[in-house]
Amino acid sequence: MNNALILIVEDEPQIAEILEAYLARDGFRTVTARDGETALQHHARLSPDLLLLDVKLPRLDGFAVLARLRAHSDTPVIMVTALGEDLDRLASLRIGADDHVVKPFNPLEVVARVRAVLRRTLTSAAQVDSAGRCLRVDGLEVDLVSHTARLMVADGARPAPLDLTLTEFRLLAHMARHASRVFTRGELQDACLPEDGDALERTVDSHLSKLRRKLETAGATGFLESVRGVGYRLRLP
Ligand code: CA
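Counting with my numbering, you get residues 35 to 271 for the letters of the sequence shown.
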């Protein structure tokens, strides 16, 4: 992890320099882009392991960069927003950031978040078997053909089958594919209730709360986590 390449996207030179210095001190490699278009070019050329992405940028703002990135890439992104703004927009946009920090920030805290997101994405990368049939993330096993899911709560425990509706299954399978990411309600709605285009976001909440109860019954408390102001993510046992 310490060799990871972090793409810092920040137009204020002083802030960029502080982040470069603190990340380098912790052994990370860094590269910096001063605007959104350069960020996308750097991403395509250098395949960084994570982006620290400021929202207010020249040429292309951070939200536009994230949306373009997510069209084809799962690179972890930590959004950097200014105090008191942008959270609503982050929630309303159908995009997925992995975490976010608020300016003014403590650089040590940012480095800790970088480390945490990298650890989460490294350990929770979904494994799909060679037939493309079964998705495994930590204790969760999702069979994409039979539409069944099983959960192993503790090491060596017998996997418990989950009794899910089709929608609950789709939600779980979709989130398990990118188990470290925070999903917005809109994103989950598009992915899991496609035939119900008029569904309200609270319909998604209702399916998710039933899914959460079933997971808790299976012994996985805290497995499906609400991220305030943004959406939901899986926190695997
Ligand atoms: Ca800025």
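Virtual Cβ for every residue (Gly too), placed ideally from N, Cα, C. For clarity, every value in this text was computed on a predicted model and none was experimentally measured.
Asked, Found
"Reference Glu250; option with closest CA among Leu268, Asn140, Val264 and Val65", "Leu268"
"Cβ-heavy atom distance, Asp88 to ligand 1, below 6 angstroms", "yes"
"Cβ contact (3+ pairs, closer than 8 angstroms) linking the stretch 237-247 and the stretch 135-152", "no"
"Whole-number beta carbon distance between Thr72 and Glu54, since they are thought to touch under 8 angstroms", "Actually they are not in contact, since the Cβ atoms of Glu54 and Thr72 sit about 15 angstroms apart, beyond 8 angstroms."
"Stretch-stretch touch, CB-based, cutoff 8 angstroms, three pairs: the stretch 174-193 with the stretch 84-96", "no"
"C-beta neighbour in chain C for Phe217, strict 7 angstroms", "Among the chains in the structure shown there is no chain C, since it carries only a single protein chain."
"Residue burial classification, Asp197 (beta-carbon count within 10 angstroms, cutoff 16)", "exposed"
"As assigned by DSSP and simplified to three states, the class of Arg102", "helix"
"Spatially closest choice to Thr64 from Arg154, Arg153 and Val148, by CA coordinates", "Val148"
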